[in-house]
Amino acid sequence: MKVAWAILFIYFIVQVCDKLFTSFLYNDYMEKVFNVVPTIIQTIVLFIAWAVGNWAVGTFLNGEGSMKNIFIFSAYALVPKIIGDTVAIFMSNAILETEAIFMTLLQVLFTAWTALLLFMAIKVVHQYKFGENVAAIILTIAAIFIMLFLAVLLLSIFQKLYVFCATIYTEIVYRFSV
Numbered sequence: 006m007k008v009a010w011a012i013l014f015i016y017f018i019v020q021v022c023d024k025l026f027t028s029f030l031y032n033d034y035m036e037k038v039f040n041v042v043p044t045i046i047q048t049i050v051l052f053i054a055w056a057v058g059n060w061a062v063g064t065f066l067n068g069e070g071s072m073k074n075i076f077i078f079s080a081y082a083l084v085p086k087i088i089g090d091t092v093a094i095f096m097s098n099a100i101l102e103t104e105a106i107f108m109t110l111l112q113v114l115f116t117a118w119t120a121l122l123l124f125m126a127i128k129v130v131h132q133y134k135f136g137e138n139v140a141a142i143i144l145t146i147a148a149i150f151i152m153l154f155l156a157v158l159l160l161s162i163f164q165k166l167y168v169f170c171a172t173i174y175t176e177i178v179y180r181f182s183v
């Protein structure tokens, strides 16, 4: 588990470096307004949502994988993406704009390799056949969307509750001061 968490942390660091250190020719991200929270959501939160969603779907579809195994196998599948993005960061600062196809090809190949490893990891962890694995992955993506929808809904409710309580407090203070 420690290695899986370390890989996830390295993935987060590489994504931050991708936004900050990729050459301006290939980077449309503005450094002056850099915020780490979206990067945390895009890496760590989304990865944990994947693991939880896949565990829930695996439980529903009689998969054999535990949450620990799903997390570890999925984290190990991120290694090619980490390597590809790191090489692309260095390449972006060394190649010309006309040679961008090589960097894009590298990123696509390593991302496809990561997707294949993730597909095979879920297949092996749950002992699924090909069709069951595809269905499980589709249901996992649906579960992620449901979790994200519920999280946004919950945050919206808490925000409205906070505004309501702040308004009541302001009214009480105003009534006692008049």
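For the sequence shown, our numbering assigns the number 6 to the initial residue and increments by one for each residue that follows. For each residue, glycine too, the CB sits at the ideal point set by N, CA and C.
When the alpha-carbon of A93 is set against those of N74, T103, I77 and V113, the nearest one is in V113.
Nearest to V19 by alpha-carbon distance, out of N67, L83, A56 and V50, is L83. For A117, the secondary structure class from DSSP, reduced to helix, strand or coil, is helix. When secondary structure is reduced to three states using DSSP, I18 falls in the helix class. Pairwise C-beta distances place the region 87-102 in contact with the region 14-29, as three or more of them are shorter than 8 Å.
In the assembly as shown, N138 is a buried residue. Its beta-carbon has 16 or more other beta-carbons within 10 Å. Spatial neighbours of E69 in its own chain (CB-CB distance under 6 Å, excluding positions within 5 residues in sequence) are listed in chain order as H131 and Q132.
In the structure shown, F26 adopts helical secondary structure according to DSSP, grouped into three states. Taking one beta carbon from each stretch, the region 54-62 and the region 143-158 have 3 or more pairs nearer than 8 Å; the two touch.
Closest option to V129, judged by alpha-carbon separation, among I77, M96, V157 and E176: I77.
Here DSSP, grouped into helix, strand and coil, assigns K134 to coil. If you check the CB distance, A126 and S79 come in under 8 Å. If you draw a straight line from the Cα of K7 to the Cα of Y81, it is about 12 Å long. Taking a contact as a CB-CB distance under 8 Å, the pair T44 and F17 counts as one, their CB atoms being some 7 Å apart. Distance from the Cα of K86 is smallest, within the candidate group W60, M96 and L122, for L122. Looking at the backbone, the Cα of I100 and that of K37 are separated by about 24 Å.
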